[in-house]
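Asks: Here's a structure for you.
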């Protein structure tokens, strides 16, 4: 079901952006690594969970890292590979559900990225995603997570009320027919601290485009390590 939904969305271009540069949250994360952790993202092995059209994956590849994008949509992967070829980048993109077992060895990545990708996993898939992310991340590695925030988000509260999902703090996205999970502050901590140490957790507000409309949404920005 997830495959069909995301294929449909990428084929009708509702999730696409013409921008090739990374999101500003990623730039701030890189500055944090340099200033606070004395880590420069060069020569690292990077795994982008739910890489979409490769905007962030290809950026890290351009910084001379070895990057793998894991994405469920064939259409998105084709677009990501084309962007990589156009920029002469050797980024690897594979078709894989991030809520299933990962085809990688233990402790094989220095950096993981989850930029609002895991929000559409069900609870069984989320448990796999957390366990597998912990398994493939090196003991000295970092995990960047951007997740949907429930706190102070009127749109999320309305969606839960009007179109509740099957699990706690979930709703069914109108028209998309996709269940999404939103986290309170404590719920995010309880979920991720089982597997990771939270170095920094902050809330931000931005606007999400969907079907030609702009929605004000809140997000959690988290920097994690083992």
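Numbering (this note's numbering), first residue to last: 481 to 706.
Positions of the beta carbon are idealized from the N, C-alpha and C atoms, including for glycine.
1) At 4 residues or longer, and completely inside the stretch 487 to 544: list those alpha helix (DSSP H) runs for me, N to C.
2) For the beta strand (DSSP E) that residue 626 lies in, which residues bound it at each end?
3) Report yes or no: do the stretch 654 to 672 and the stretch 584 to 603 share at least 3 C-beta pairs separated by less than 8 Å?
4) Under a Cβ-count criterion, where at least 16 other Cβ atoms within 10 Å of its own Cβ denotes burial, should residue 682 be classed as buried or exposed?
5) For the alpha helix (DSSP H) that contains residue 667, what are its first and last residues?
6) So residue 577 is in the beta strand (DSSP E); what residue range does that whole segment cover?
7) Nearest-angstrom Cα distance between residue 640 and residue 663?
8) Checking 9 Å against the spacing of the C-beta atoms, do residue 574 and residue 548 come in under that value?
9) Between the beta-carbon of residue 592 and the beta-carbon of residue 624, is there less than 9 Å?
10) Kindly list the residues whose CB is nearer than 6 Å to the CB of residue 486, restricted to its own chain and excluding five residues on each side of it in sequence; keep chain order.
11) Identify, in the order they occur along the chain, each residue of the same chain with its Cβ nearer than 6 Å to the Cβ of residue 546, setting aside the five sequence neighbours on each side.
12) Closest to residue 590 by C-alpha separation, out of 572, 522, 482, 515, would be which residue?
13) Does the beta carbon of residue 582 come closer than 9 Å to any beta carbon on chain B?
14) Taking residue 532 as the reference, which of 649, 650, 670, 577 has the closest Cα?
15) Just how far apart, CA to CA, sit residue 632 and residue 672?
16) May I have the straight-line CA-CA distance separating residue 542 from residue 587, to the nearest angstrom?
17) Could you tell me how far apart the beta carbons of residue 680 and residue 702 are, in whole angstroms, since I believe they sit closer than 8 Å?
18) Taking buried to mean at least 16 other C-beta atoms within 10 Å of its own C-beta, is residue 634 buried or exposed?
19) First and last residue of the alpha helix (DSSP H) that includes residue 555?
20) DSSP three-state call for residue 599: helix, strand or coil?
21) Buried or exposed, going by whether 16 or more other CB atoms sit within 10 Å of the CB of residue 594?
22) Output the distance between the C-alpha atoms of residue 507 and residue 655, rounded to the nearest integer angstrom.
23) Which residues share a DSSP beta bridge with residue 589?
Replies: So, from the listed chains and residues:
1) 504 to 516, 535 to 542
2) Against the chain shown, residue 626 aligns to sequence position 146. Run containing residue 626: 617 to 628, per the beta strand (DSSP E) assignment.
3) yes
4) The residue you call residue 682 lines up with position 202 of the chain shown. Exposed, because fewer than 16 other Cβ atoms sit within 10 Å of the Cβ of residue 682.
5) Taking the first residue of the chain shown as position 1, residue 667 is located at position 187. Looking at the DSSP string, the run of the alpha helix (DSSP H) that includes residue 667 is 665 to 672.
6) On the chain shown, position 97 is the one that residue 577 refers to. Taken as a continuous stretch (DSSP letters only), residue 577 belongs to no beta strand (DSSP E), as it is neither H nor E.
7) As a position in the chain shown, residue 640 is number 160, starting the count at 1. As a position in the chain shown, residue 663 is number 183, starting the count at 1. Looking at the two C-alpha atoms, the distance is approximately 12 Å.
8) Position 94 of the chain shown, counted from the first residue, corresponds to residue 574. Position 68 of the chain shown, counted from the first residue, corresponds to residue 548. The Cβ atoms of residue 574 and residue 548 lie closer than 9 Å to each other.
9) Walking along the chain shown from the start, residue 592 turns up at place 112. Walking along the chain shown from the start, residue 624 turns up at place 144. Taking 9 Å as the Cβ cut-off, residue 592 and residue 624 qualify as a contacting pair.
10) Here residue 486 refers to the residue found at position 6 of the chain shown. Excluding sequence positions up to five before and after residue 486, its CB lies within less than 6 Å of the CB of 552, 553, all in the same chain and listed in chain order.
11) Mapped onto the chain shown, residue 546 falls at position 66. 525.
12) Translated into positions along the chain shown, residue 590 becomes position 110. Nearest option by C-alpha distance: 522.
13) No chain B appears in the structure shown, which is made up of a single protein chain.
14) Taking the first residue of the chain shown as position 1, residue 532 is located at position 52. Minimum Cα distance to residue 532 is reached at 577.
15) Translated into the one-based positions of the chain shown, residue 632 becomes position 152. Translated into the one-based positions of the chain shown, residue 672 becomes position 192. About 21 Å.
16) Position 62 of the chain shown holds residue 542. Position 107 of the chain shown holds residue 587. Rounded to the nearest angstrom, the two C-alpha atoms are 23 Å apart.
17) By one-based count along the chain shown, residue 680 stands at place 200. By one-based count along the chain shown, residue 702 stands at place 222. Residue 680 to residue 702, Cβ: 7 Å. Contact.
18) Looking up residue 634 in the chain shown gives position 154. So residue 634 counts as exposed.
19) By 1-based counting over the chain shown, the position of residue 555 is 75. Run containing residue 555: 554 to 566, per the alpha helix (DSSP H) assignment.
20) One-based indexing of the chain shown puts residue 599 at position 119. Looking at residue 599 - three-state DSSP - the assignment turns out to be helix.
21) In the chain shown, residue 594 corresponds to position 114, counting from 1. Result: buried.
22) Indexing the chain shown from 1 puts residue 507 at position 27. Indexing the chain shown from 1 puts residue 655 at position 175. Spanning the two alpha carbons is a distance of roughly 32 Å.
23) Here the question's residue 589 lines up with position 109 in the chain shown. According to DSSP, residue 589 bridges with 617.
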